[in-house]
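J.: Have a look at this one before I ask anything.
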Amino acid sequence: MQLNPSRIEVMQFLAQKIESVIEEFLKNIDTNWQPSDFLPESNNPEFTKEIKEIQQQCKELPYDYMAVLVGDVITEEALPTYESWLIDIEGISKAEPQGWSKWIRMWTAEENRHGDLLNKYIYLSGRVNMKQMEITTQHLIADGMEIGTARDPYRNFVYTSFQEMATNVSHRRTATIAKKHGNEQLSKICGVIAADEARHAKAYKSFVTKIFELDPSEMMLAF
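Residues in the sequence shown are numbered from 175 upward in steps of one, following the working numbering.
This is how it looks when you write it as structure tokens:
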């Protein structure tokens, strides 16, 4: 499908303002949380004891809950697919490392912590067949995905707005349910990931809002 040239022009115009967008919606890497902040330290003499505590807490979680949690992990672990899809959108150029591609790299770096944290936690929980989960994740990345938005930047940003909100809702609800079952640690883990997703959803919705202001007819068609 041939895009209206105005869509590329708008994307190139917004790319010039990417630094302010990054400052508003992404956190400083050196002060941001990392997975190790929420997991036992392997060089701690209490490491084995802390793992047993995690496994004890996870025993109380229902099977259905664990299935949803695994689904959340696999979704986060498919990050290579998301990055390669976004970097291929019309108006986003690898040749302009300070434009949209910089946003995508930094967004990817922030998102990458989610799968790392959840994967390590459920490994320690003793509740999941890790090999089967890893096979599923590899299939998902190998197969790729087709979301029906082609390389259209407007349609893709509408999609990512909903996608980020959906992941926020899922992580927020798993946090709430974990807390109800007395698992404060897992609740906190899901909660901090949900907060990231909410911030990212605001970012993509702000892109859509800005495009509506600059190119309302074309954005409405995309929406």
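For every residue, glycine included, the Cβ atom is placed at its ideal position computed from N, Cα and C.
Predicted, not measured: the structure shown is a model, and the values here were computed from it.
Examine the Cβ distances between the segment 275-292 and the segment 203-219 and report whether three or more of them are shorter than 8 Å.
T.: As far as the Cβ criterion goes, the segment 275-292 touches the segment 203-219, which means the pair count is three or higher.
J.: So Thr383 is in the alpha helix (DSSP H); what residue range does that whole segment cover?
T.: Where Thr383 is concerned, the enclosing alpha helix (DSSP H) stretches over 358-388.
J.: So, at 6 Å on beta carbons, what are the nonlocal neighbours of Arg301 in its own chain, with the 5 sequence-adjacent residues on each side left out?
T.: Cβ neighbours of Arg301 beyond the five flanking positions: Cys232, Met240.
J.: With a cut-off of 8 Å, does the C-beta of Cys364 fall near any C-beta of chain C?
T.: The structure shown has no chain C; it contains just one protein chain.
J.: My assumption, with CB atoms under 8 Å, is that Val184 sits in contact with Leu388. Please give the rounded CB distance.
T.: The pair is a contact, with the Cβ atoms about 5 Å apart (cut-off 8 Å).
J.: Measure the alpha-carbon distance for Asn303 versus Ile261 and round it to whole angstroms.
T.: Roughly 33 Å separates the two Cα atoms.
J.: Alpha carbon to alpha carbon, what distance is there between Leu213 and Asn357?
T.: The straight-line gap from Cα to Cα measures roughly 14 Å.
J.: Going by other Cβ atoms of all chains shown within 10 Å of its Cβ, with 16 needed for buried, is Phe199 buried or exposed?
T.: With 16 or more other Cβ atoms within 10 Å, it is buried.
J.: First and last residue of the alpha helix (DSSP H) that includes Ala340?
T.: Where Ala340 is concerned, the enclosing alpha helix (DSSP H) stretches over 327-354.
J.: Near Phe397, which residues of its chain fall below 6 Å by C-beta distance, leaving aside the five closest residues on each side in sequence?
T.: Val332, listed in sequence order.
J.: Counting pairs of beta carbons, one from the segment 314-326 and one from the segment 247-254, are three or more of them closer than 8 Å?
T.: Touching, per the Cβ criterion.
J.: For the pair the segment 363-376 and the segment 342-353, tell me if three or more CB-CB distances fall below 8 Å.
T.: Yes, the segment 363-376 is in contact with the segment 342-353.
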